[in-house]
Each structure stands twice: as structure tokens, then as C-alpha cells.
Amino acid sequence: MSQSNVMKLERVLDEWSGVLGTGFCLTDSKKLAAAGRSASHEPIEPIAILQPKTVAEVQQVVRIATRHGCPLHPVSGGKNIGYGAACPPGHGMALLDLSRMDRVVEVNSELCYAVIEPGVTQGALSDLLQQQAPTLMMDSTGAPRSASVIGSVLERGHGHTPYGERVLNLIAYDVVLADGRLLSTGFGHYPSAKCRHLYPWGLGPVLHPLFTQSNYGVVVRATVWLLPRPQYSTLYTFSFPNDETAAAAVPVLRQLRLRGIINTPLHLLNDLRFLTMSRRFPFATAKQSTHLDQDELERLRQQHRLAAWSAVGAVHGSRREVRFRIGEIRRALRGYATVRTISLNLVRIFRHSPKLFEMLSGRPHATIEALMRLVRGEPSDTPLQALYWRKRTEGVSETGDPLQDNCGIMWCSPVIPSSEEDFLTLVGITRATCERHLTDANVSLNFTAERAACAIVGLFFDKADPQEFARMKQCQSELYRAYAANGYYPYRAGHRIAAVAPELFHEEDSYWQVCRELKQMFDPQGIISPGRYGITLPSSNLALESEVVAARGSVQFSHRK
0 MSQSNVMKLE RVLDEWSGVL GTGFCLTDSK KLAAAGRSAS HEPIEPIAIL
50 QPKTVAEVQQ VVRIATRHGC PLHPVSGGKN IGYGAACPPG HGMALLDLSR
100 MDRVVEVNSE LCYAVIEPGV TQGALSDLLQ QQAPTLMMDS TGAPRSASVI
150 GSVLERGHGH TPYGERVLNL IAYDVVLADG RLLSTGFGHY PSAKCRHLYP
200 WGLGPVLHPL FTQSNYGVVV RATVWLLPRP QYSTLYTFSF PNDETAAAAV
250 PVLRQLRLRG IINTPLHLLN DLRFLTMSRR FPFATAKQST HLDQDELERL
300 RQQHRLAAWS AVGAVHGSRR EVRFRIGEIR RALRGYATVR TISLNLVRIF
350 RHSPKLFEML SGRPHATIEA LMRLVRGEPS DTPLQALYWR KRTEGVSETG
400 DPLQDNCGIM WCSPVIPSSE EDFLTLVGIT RATCERHLTD ANVSLNFTAE
450 RAACAIVGLF FDKADPQEFA RMKQCQSELY RAYAANGYYP YRAGHRIAAV
500 APELFHEEDS YWQVCRELKQ MFDPQGIISP GRYGITLPSS NLALESEVVA
550 ARGSVQFSHR K
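Under numbering that gives the first Met the number 0, the first residue of the sequence shown is numbered 0, with each subsequent residue one higher.
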């Protein structure tokens, strides 16, 4: 390690500290180690953690990084667990932590929108709306309350309300580019525009989608559309005894979506996925410590009154609207499943008698209450329990932080046509692959669109077990290959997906060639999260970039030492 490289890192850290203050340019080894943790792959520590408070500070930090050639990895909150969390996609990067930018700039109750910064969490926005704008609600995901609203949408995550296709309802991005310029999308670049927050497209090419699942800039503000809070909200559930019955009902569900009868995401979970929401793997009684066989799974189904597949959705509106939609869903599914409803009032009544609720309904009260909250735009930490499926009780910390507790989770998220054949193909691939790698097949399908369903396959494991970790990495790679061979590609992935599934990123693919050319245009030095979603500079610059990143890793070690 040359003395000049050490001095170069010292200079860039000094400049960042001058902008942010020493308390917000962090190089403490414990904090760097915590930031580098991931539930899905080996840790990669950043060289520093930068915590700006304002847009101007972000601009200065990015300009300094560009001037010195030091890569930055921006995160809104780092709660993207299972897809990388806050961990950088490569060595030698500084973490640009935007969580201090937590202002709700505006809430407009008349036109139903909020202008927010990336550090605004779903818990904070939900609480604010209940207190100051109770006639409005937001869309919420199954991520924890501490997850960023903007961060989730930029990954194109799904929610649980009529605005569940969340990327369609976040507009008017303010983006800091690699040269420090501030780009406002839509009508935002016209200072007098009255429809900046109301109409997404603006005039000319539509740019804001380019900043989702990419590394072209740093989103520092956006407008999220809100919903009028409905008069009534009712959960509905139904179940199927086997794969074949569930598959046969998929075209029925597709028609209900196309007709607009089902207008919120419908979630279809297999038995194992439902168990993970409220239980732990039965290490004490399982025949094998790795996974459950079919006999054990059948016993658990009987014990907890579970079917092979369970569906849950929500209906909102007036009493008449709710009654009409539920009636149509029941008529369509007659002969396939019995549709039951669970009202908000019923959940509230049994809040102090959860065991009685479970005895009567066959569902854990905490799980149903969390689902009811989600469909009403109120996030919950309850879904985090699934990440502990493979953890023994003694391994859980008081904080309940899955990363601190070394929980392992890898997600595979292929999109399939909403057809009977494709449902059975997906389930068959998943079960066979998971069985080969000695793991449980946790599967859910989210009917967020009218014609396709987004599958979410969870590979839960104990990251403290190196053999289990190695098996899951092999399993995930094999799943990606098998899905792609059948025409199913993921709707989102971890930012190291290019290493996990390189077959998705062919060099001669003109799509990815254009993505790299856009990277060259927006970020000529490849400063912003290089390699994220497989997007790098064109090949002529890759060798130089690799040398810089490798040198940064060495400098980082010398500096901290």
C-alpha cells in the first residue's frame, strides 16, 4: 500500500468531514462492520459512513467523491433485508446513508399527496397521517416500520392497498447526479408548475423510472400519492387443499383482477410460508435439522389448521362496495374455495383474547392483526418474525435485529403469467430445487398485476452455519437458472445479482449495453454504486475501475489500522 493512496483517502475523509462535521463522517470500526452486514451474502464493509442532512450536503459529498474517484453507495435506510440491506455491492465504497434526511416536506389533504425525503420511514409517515391527516392513508409493505418509503419504491417493492404497485405512485423525483447537479423529473424542473406533484409524466421523455433499480443518481426527494382512508376495510381469506386446486383457481383470480373486482394485491402463500410468519422451525422434533419432510409438514398443517395454500386479500370502500366485491369473489371461487371475511372490528374485539381468536379462526391473532394494519396503510414489525424461522431461540438478541442475530435470508422473485400451467411449473421447480439443497420451499405469489403474478421464494437459513450458508447460495443460483430456463425472470434482486446469476447479464444483450451507456452519460467515472444491478461503465473502463476499487479496499484497511 503506497503512502500516496493513504494520503488520498485521508484527504477525501477530511473534505467530507468539512461538509458534514466529524460526527457524520464515520470511520469507527464497529459501525463500519455493522453497516457491512448482510443476511444474504458475506459482509462487505464500507470505508466510511456519510450522513448528510440536506440536499446541498449530498451535492457536496458527491462532488468530492467524483473529484477523488471514490465510489459511493447510497441507501435510504438500509432495511432491504434479504436483498443486501445497507451492505455495499463491492469493496472500497463509502456508504451514503440518507436516513438523517427525514423531513415530510408537505402533506396535501385535498389532493392526497406527501412530499418526503429518503429518510422518512413508513412508520413515521403512517403515524404522521393518523395524527395530522386522518382522512388519508399510505400504502405499506411487509418491511419493518423503520424501512424507508422512497427506498422501497426505488426497489419496486409491492404493497397491500389499491396503490400496491407502488412505483406507479411515487413521482416528481429530485435526483443528485454524479457531477452534483440536481435533476427534477416530470414538471418539477418548471418552478411555477402547479401539477408537479399531481401528474407524473411532464413534457418530453419520462426520466424518473430510470432511477429505480439503478445506480444513475441519488434520489433526495419525491412525491408519494396517498389514498383517502376508506369507510370500511375487510380482509378476506380462502384456501386450497393441494397444488392442483390452487393452480386451477389461478385463471379465476386473473379474471377477478382484470374485471377490477380484486383491486388490491392478493397474496397466496403455501403452508411453509404461512408457518414462518408466526412459528419457528421445530428443531426439537424434526427428523432432520435442515428441512421438514412431507409427513412432518402434514402434521404441522393439521396441528395449526393450515391448508396447502392460503390466500389473503382486502376489500375497501363503503359498506355497499365491500359487500358487492366480496359477493363477486365468492361467486367466482364457488367450487374452488370457501371465502371467509375478517373485519377490523372482529380483530379489535379479540385483541385481548388472542388464543380464543386462534382457536376459532385457525389463524394467529398477531398475524391477522398485522395483515389488517398493512391493508390499512399501517406498517408492522410482525412480518420480521419470518426471518427467524431457522434460528434457535437462544440465538436471538433483545433488539430483534435480524442482521445482528445473523439470520440468513435470500429471496428469489420471479414473475410468472397468471396461468394454471405456469403456477404448477414454478411450484415444481421450486420444490425440486429446494429438496436437492435440503431446505424448505417457502413460496408466496403476489397478484399485484392483472395478468402476471410476482412469486417470492424465501430461502431461510442460519448464517452462523457455514455449510447451510453454502447450500443456500448454490440453491439460489440454481433457482435463478431454472426459472430463467422456463422464461421466468425476477422483478427485483439483490444488488449483487450479477455475481449470483451472471446468465441474466449477457454482454451482447443490447438492453444491458444501453444501461451501461446510460451509466456513462449520468456518471462517467462510475462513482455511484458501481456494479449495482449489474450496471457498470462500458467495458473499456472496467479494468481501471476494478483497480481503483481494489486499491480502495487496501487503503481502507491501512486507514483504520
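Glycine included, C-beta positions come from ideal geometry on N, C-alpha and C.
Remember, predicted model here, so these are calculated numbers, not experimental data.
Per DSSP, C411 is paired with what?
Within the sequence shown, the letter at position 412 stands for residue 411. C411 pairs with V456.
Distance CB(T429)-CB(H157) smaller than 8 Å:
Taking the first residue of the sequence shown as 1, we reach residue 429 at position 430. Taking the first residue of the sequence shown as 1, we reach residue 157 at position 158. Cβ atoms of T429 and H157: not closer than 8 Å.
Would you tell me roughly how many angstroms separate the C-alpha atoms of P610 and T236, rounded to the nearest one?
The structure shown does not extend to residue 610, since the chain is modelled only from 0 to 560, so the question has no answer here.
What residues in its chain sit with their C-beta under 7 Å from that of F273, if we drop five residues either side in the sequence?
If you number the sequence shown from 1, residue 273 lands on position 274. Within the same chain, Cβ atoms closer than 7 Å to the Cβ of F273 are found at L305 and S309, the five residues on either side in sequence being excluded.
The segment 212-227 contacting the segment 136-154, beta-carbon criterion three pairs below 8 Å
These segments touch.
Let me confirm a value: V484 is counted as buried when at least 16 other C-beta atoms fall within 10 Å, else exposed. Which label applies?
The sequence position of residue 484 within the sequence shown is 485, counting from 1. The residue asked about is misnamed: residue 484 is Ala in this sequence, not Val. A484 comes out exposed.
What do you reckon, are the CB atoms on N405 and A497 nearer than 8 Å?
By one-based count along the sequence shown, residue 405 stands at place 406. By one-based count along the sequence shown, residue 497 stands at place 498. Remark: C-beta atoms of N405 and A497 do not approach each other more closely than 8 Å.
Is the Cβ-Cβ distance between D101 and L49 less than 8 Å?
The sequence position of residue 101 within the sequence shown is 102, counting from 1. The sequence position of residue 49 within the sequence shown is 50, counting from 1. With respect to the 8 Å criterion, D101 and L49 are not classified as neighbours on the basis of their beta carbons.
Helix, strand or coil for H188, going by three-state DSSP, please let me know.
Sequence index remark: in the sequence shown, residue 188 carries index 189 (1-based). Helix, per DSSP.
L225 versus R318, N441 and A113, residue with shortest Cα-Cα distance
Translated into the one-based positions of the sequence shown, residue 225 becomes position 226. Nearest C-alpha to L225 among R318, N441 and A113: A113.
Which word fits M92, buried or exposed, when buried means at least 16 other C-beta atoms lie within 10 angstroms of its C-beta?
Locating residue 92 in the sequence shown gives position 93, where the first residue counts as 1. With 16 or more Cβ atoms within 10 Å of its Cβ, M92 is classed as buried.
Closest to H159 by CA distance: which of I534, V374, G457 and A481 is it?
Your numbering for residue 159 matches position 160 in the sequence shown. For H159, the closest C-alpha among the options I534, V374, G457 and A481 is that of V374.
Just how far apart, CA to CA, sit R258 and T392?
Here residue 258 corresponds to residue number 259 of the sequence shown, with the count starting at 1. Here residue 392 corresponds to residue number 393 of the sequence shown, with the count starting at 1. If you draw a straight line from the Cα of R258 to the Cα of T392, it is about 46 Å long.
Is it buried or exposed for P523, if we count other Cβ within 10 angstroms and need 16 for buried?
Along the sequence shown, read from residue 1 onward, the residue named residue 523 stands at position 524. With a 10 Å radius around the Cβ and a threshold of 16 neighbouring Cβ atoms, P523 comes out exposed.
Give me the DSSP bridge partner(s) of Q115.
Walking along the sequence shown from the start, residue 115 turns up at place 116. Reading the sequence as shown, one finds Ile at residue 115 and not Gln. BP columns for I115 point to V103 and A221.
What is the rounded straight-line gap between the Cα of T535 and the Cα of R318?
Numbered from 1 along the sequence shown, position 536 holds the residue referred to as residue 535. Numbered from 1 along the sequence shown, position 319 holds the residue referred to as residue 318. Cα-Cα distance, rounded: 52 Å.
Straight-line CA distance for V249 to R324?
On the sequence shown, residue 249 is found 250 positions in, with the first residue counted as 1. On the sequence shown, residue 324 is found 325 positions in, with the first residue counted as 1. As the crow flies, the alpha-carbon of V249 is around 18 Å from that of R324.
List the residues that DSSP assigns as beta-bridge partners of S183.
If you number the sequence shown from 1, residue 183 lands on position 184. D173.
Neighbourhood of C194 by C-beta distance below 7 Å, restricted to the same chain and skipping five residues each side
The count along the sequence shown starts at 1 and reaches residue 194 at position 195. Cβ-Cβ distances below 7 Å link C194 to F186 in the same chain, with the five nearest sequence neighbours on each side left out; the list follows chain order.
In terms of residue numbering, what span does the beta strand (DSSP E) encompassing T432 cover?
Taking the sequence shown and counting its residues from 1, the one referred to as residue 432 is at position 433. Per DSSP, T432 belongs to no beta strand (DSSP E); it is in the alpha helix (DSSP H), E419 to R435.
Going by DSSP, which residues form a beta bridge with S238?
As a working mapping, residue 238 is identified with position 239 in the sequence shown. S309.
At the level of alpha carbons, what is the spacing between L265 and L332?
As a first step, residue 265 must be located in the sequence shown, where it is residue number 266. As a first step, residue 332 must be located in the sequence shown, where it is residue number 333. Cα-Cα distance, rounded: 14 Å.
Can you pull the DSSP bridge partners for H157?
The count along the sequence shown starts at 1 and reaches residue 157 at position 158. Per DSSP, E164.
Where does L370 land, buried or exposed, given buried means 16+ other C-beta within 10 angstroms?
Start at 1 with the first residue of the sequence shown, and residue 370 comes out as number 371. Buried is the label assigned to L370, since at least 16 other Cβ atoms lie within 10 Å of its Cβ.
So, are the CB atoms of V442 and L478 less than 8 Å apart?
Along the sequence shown, read from residue 1 onward, the residue named residue 442 stands at position 443. Along the sequence shown, read from residue 1 onward, the residue named residue 478 stands at position 479. Their beta carbons are not under 8 Å apart, which means V442 does not touch L478 by this criterion.
In this structure, does DSSP put H290 in helix, strand or coil?
Start at 1 with the first residue of the sequence shown, and residue 290 comes out as number 291. The answer is coil: DSSP assigns H290 none of H, G, I, E or B.
Please report how far the alpha carbon of D173 lies from the alpha carbon of M6, in whole angstroms.
Indexing the sequence shown from 1 puts residue 173 at position 174. Indexing the sequence shown from 1 puts residue 6 at position 7. Each residue's alpha carbon lies about 34 Å from the other.
Give me the DSSP bridge partner(s) of D461.
As a position in the sequence shown, residue 461 is number 462, starting the count at 1. Beta-bridge analysis with DSSP links D461 to C406.
Given 7 Å as the limit, tell me if T140 has its C-beta closer than that to any heavy atom belonging to the ligand ZN.
Looking for the ligand ZN in the displayed structure turns up nothing, as the structure carries no ligands at all.
Residue range of the beta strand (DSSP E) that includes I341:
For the purposes of this step, residue 341 is taken as the residue at position 342 of the sequence shown. That run of the beta strand (DSSP E) goes R339 to S342.
What's the gap between the Cα of R10 and the Cα of T21?
Counting from 1 along the sequence shown, the entry for residue 10 is found at position 11. Counting from 1 along the sequence shown, the entry for residue 21 is found at position 22. Between R10 and T21, the C-alpha separation is close to 14 Å.
Residue from K472, A454, L181 and S139 with nearest C-alpha to L169:
Walking along the sequence shown from the start, residue 169 turns up at place 170. Looking at K472, A454, L181 and S139, the one whose alpha-carbon comes closest to that of L169 is S139.
Can you find the residues in the same chain that come closer than 6 Å, C-beta to C-beta, to L383, ignoring five residues on each side of it along the sequence?
Position 384 of the sequence shown holds residue 383. Excluding residues within five positions, the ones whose Cβ falls inside 6 Å are P143.
Starting from H72, trace the beta strand (DSSP E) both ways and give me its first and last residue.
Taking the first residue of the sequence shown as 1, we reach residue 72 at position 73. Run containing H72: L71 to V74, per the beta strand (DSSP E) assignment.
Just the C-alpha distance for P281 and D270, rounded to the nearest angstrom, thanks.
Taking the first residue of the sequence shown as 1, we reach residue 281 at position 282. Taking the first residue of the sequence shown as 1, we reach residue 270 at position 271. Cα-Cα distance, rounded: 15 Å.
Would you say S528 and P190 are within 8 Å of each other, going by their C-beta atoms?
Here residue 528 is taken as the residue at index 529 of the sequence shown, counted from 1. Here residue 190 is taken as the residue at index 191 of the sequence shown, counted from 1. No.
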